[in-house]
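Chemist: Below: one structure in structure tokens.
See the structure below:
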């Protein structure tokens, strides 16, 4: 499955302490281009802390991160975006009274200058949003003028993803529980969408509680338990029992 | 179950939401327009001769013009989930400072006007800083600053009425362009137009909606939430300062107690126009219609020779009625609402009914008791 032998991003020996509490201890992670890495684990196992370090929201207490073999540090989420790492949150972070184009470009609007005054270029944002939604994600909205509150869960998620993939230098996309709020049909569509993005060469990191989704779409599974890496398995070579065993800690062979 | 219908039945949902999305942009204008038509119809029956006169139309427009700039700015403030209760005092204080600069210190009138607007903007900046930096909630922050600004106005002017201003000021307040609308109406329409460009074509307008719609999302996407909230209060202050100038010019006089009802009136106009107090939903054309509606309503009360004090009752009732209406329209499961009688039978509402009955009963009983025990009246005046 790995199209590229070298990972885009590696994390080695990541530790994170909050006061006296060790949230993460000695965690390693590799993200490869064109691969879906699922991160699973019980509540409080350290999934979201790990992801927040990867997306620059938290800084690790110790440990190193490398991109293309070169070490780097990040101080904020915008540092991560500048390096091509972005996340789609479970809440989607959409302003639901605005239309799709306004949400795709929220905080990063396209403008043009008319007589020295900078104005929003709504027309170009609309056509660009329509293009990104269709070409990268394969979604065509019935009405680009509609406020996103009137769209379905899947369509709203497509808009949140379009916001991330509009940056052409995006290389690592973190998806936090993308199917948690969706019905079966929409879940199916979202999984197809993840496959599409993977085929475009992105490294996808999928956080999920649903082992169905994990086994349907991922290439490897990283299991977290009590702030440590309980194991990494190739999805094709393992069963749900293996992964469940790692999550609850019964199978300590790994 | 009715709330789930949209999701459960995919074949009918798109049609229903299509109709809703197609109607949605016009909702803001339909509400006030319907009420305007109702007022027109009512007045056509009651007092057609005095209400439908050109001179009366002029009075209505002049009244409306005073509120248009403030309604424009208030639309942004409310869209961001804010509120500004200090605009009456800002208008009075800016107007009084302008009056002193012109009359006491002999400033040129045009500098006085620009000073009033800039001072208004400065007072708005103070509001914005109090709210964002000291983290005082909008309601309390601007209510307290209202006292502060009104206090300064009283300290400066004492009980004085400053009157007789240069032509520039009276022209701004009540002048007329030879070939066009009165000057204040023109100013009001221009600020509305500027507001429309701000809302649709600038970062400030886009972010105002985003902040009101989903503050966390706005923060996450890197929008400078605090700065854009301060911008809204600065714009509000500047427009209140402009209103202070227009009011001074309209009356050719200003005093510390001027403009007492600006807050209520402007907020009522904006809310009647469909801008949601819960944020994210802005309608400038609705605010325009709302201002027009309130001016027509107050003019109608005057024409019918109803006491001035009823204006406050009418404005309050209009606010409650329109917010109730818009909240009801936003509800997803209103098809499932049962009859009023059935709703009154739920245990929770029965308790409320008993409480209401107890209070009404107590008041009635006390009035009856007082009536029985009453001695000779002793008038205070």
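Chains as they are written, first to last, in my numbering: chain A, 558 to 811; chain B, 190 to 570. By construction, the Cβ of each residue, glycine as well, lies at the ideal position given by its N, Cα and C atoms. Predicted model, so just to flag it, every value in this text is computed and none were measured.
(1) Indicate whether residue 270 of chain B and residue 505 of chain B have their beta-carbon atoms separated by less than 9 Å.
(2) CA-CA distance, residue 592 of chain A and residue 775 of chain A?
(3) On the DSSP bridge list, what partners appear for residue 536 of chain B?
(4) Please tell me whether residue 390 of chain B has its Cβ less than 9 Å away from any Cβ of chain A.
(5) In chain B, which residues lie with their C-beta within 8 Å of the C-beta of residue 651 of chain A?
(6) Counting pairs of beta carbons, one from the segment 509-519 of chain B and one from the segment 450-466 of chain B, are three or more of them closer than 8 Å?
(7) Under 9 Å between C-beta atoms, does residue 683 of chain A make it to chain B?
(8) By the three-class DSSP mapping on this structure, what secondary structure does residue 202 of chain B have?
(9) So is residue 555 of chain B buried or exposed if we call it buried at 16+ other beta carbons inside 10 Å?
(10) With H, G and I counted as helix, E and B as strand and the rest as coil, what does DSSP make of residue 575 of chain A?
(11) Determine contact between the segment 612-630 of chain A and the segment 777-795 of chain A, defined as no fewer than three beta-carbon pairs at a distance below 8 Å.
(12) Where in the segment 617-697 of chain A do unbroken runs of the alpha helix (DSSP H), each at least 4 residues long, occur, reported from the N-terminal end onward?
(13) Counting only beta-carbon separations shorter than 9 Å, does residue 470 of chain B have a partner in chain A?
(14) Check whether chain A comes within 9 Å of residue 352 of chain B, counting only Cβ atoms and requiring the distance to be less than that.
(15) For a test of the three-state rule: what should DSSP assign to residue 195 of chain B, helix, strand or coil?
(16) So residue 760 of chain A packs on residue 635 of chain A, CB below 8 Å; how close in whole Å?
(17) Per DSSP, what are the beta-bridge partners of residue 762 of chain A in this structure?
(18) Can you grab the Cα-Cα spacing for the pair residue 357 of chain B / residue 298 of chain B, in whole Å?
(19) Could you say which of A:624, A:767 and A:805 lies nearest to residue 639 of chain A if we only look at CA atoms?
(20) With which residues is residue 443 of chain B paired in a DSSP beta bridge?
(21) Can residue 586 of chain A and residue 783 of chain A be called in contact, C-beta distance under 9 Å?
(22) Please identify the residue among B:508, B:479, B:288 and B:543 whose C-alpha is closest to the C-alpha of residue 249 of chain B.
(23) Would you report the Cα separation of residue 569 of chain B and residue 559 of chain B, rounded to the nearest angstrom?
(24) According to the neighbour-count rule (16 or more other Cβ atoms, all chains shown, within 10 Å of its Cβ), is residue 338 of chain B buried or exposed?
(25) Strictly below 8 Å CB to CB, what residues from chain B border residue 666 of chain A?
(26) Using the beta-carbon of each residue, which ones in chain B are nearer than 8 Å to residue 611 of chain A?
(27) Along the segment 403-435 of chain B, where does the CB come closer than 8 Å to a CB of chain A? Name the residues.
(28) Using a Cβ-Cβ cutoff of 9 Å, what residues of the segment 621-654 of chain A are near chain B? List them in chain order.
(29) Along the beta strand (DSSP E) that carries residue 788 of chain A, what are the first and last residues, could you check?
(30) Where does residue 430 of chain B sit, in a helix, a strand or coil, going by DSSP?
(31) Might you give, ordered along the chain, the residues of its own chain that have their beta carbon closer than 7 Å to the beta carbon of residue 221 of chain B, omitting 5 neighbours on each side?
(32) Kindly indicate which three-state DSSP category residue 570 of chain A falls into: helix, strand or coil?
(33) Let me know the alpha helix (DSSP H) ranges lying completely inside the segment 458-533 of chain B, each 4 residues or longer, listed in chain order.
(34) Are the C-beta atoms of residue 489 of chain B and some chain A residue less than 9 Å apart?
(35) When you check each C-beta in the segment 542-562 of chain B against every C-beta of chain A, which residues fall closer than 8 Å?
(36) Rounded to a whole number of angstroms, what is the C-alpha to C-alpha distance between residue 795 of chain A and residue 771 of chain A?
Modeler: The structure says:
(1) no
(2) 8 Å
(3) Answer by DSSP bridge pairing: none, since residue 536 of chain B is not bridged.
(4) Taking 9 Å as the threshold, the shortest C-beta distance from residue 390 of chain B to chain A falls below it.
(5) Under the 8 Å cutoff, chain B gives 403 and 406.
(6) yes
(7) no
(8) Annotation note: pLDDT 42 at residue 202 of chain B (below 50); position unreliable, coordinate value reported separately. Helix.
(9) exposed
(10) strand
(11) no
(12) 634-639, 657-661 and 679-692
(13) yes
(14) no
(15) Caution applies to residue 195 of chain B, whose pLDDT of 37 falls short of 50 and renders its modelled position unreliable; the value that the coordinates give is listed next. Three-state DSSP puts residue 195 of chain B in a helix.
(16) That pair is no contact at about 20 Å.
(17) A:594 and A:731
(18) 7 Å
(19) A:624
(20) B:351
(21) no
(22) B:479
(23) 18 Å
(24) Counting Cβ neighbours within 10 Å, residue 338 of chain B comes out buried, since at least 16 surround it.
(25) 392 and 395
(26) Within chain B, no residue comes near residue 611 of chain A; the closest Cβ sits about 16 Å away, beyond 8 Å.
(27) 403, 405, 406, 407, 409, 410, 411 and 412
(28) Listed in sequence order: 634, 635, 638, 646, 648, 649, 650, 651, 652, 653 and 654.
(29) 785-791
(30) Residue 430 of chain B falls in the helix class under three-state DSSP.
(31) 461, 462, 475, 478, 479 and 482
(32) strand
(33) 473-492, 499-519 and 529-533
(34) By this cut-off, residue 489 of chain B is not an interface position.
(35) none
(36) Here the C-alpha atom of residue 795 of chain A lies approximately 12 Å from the C-alpha atom of residue 771 of chain A.
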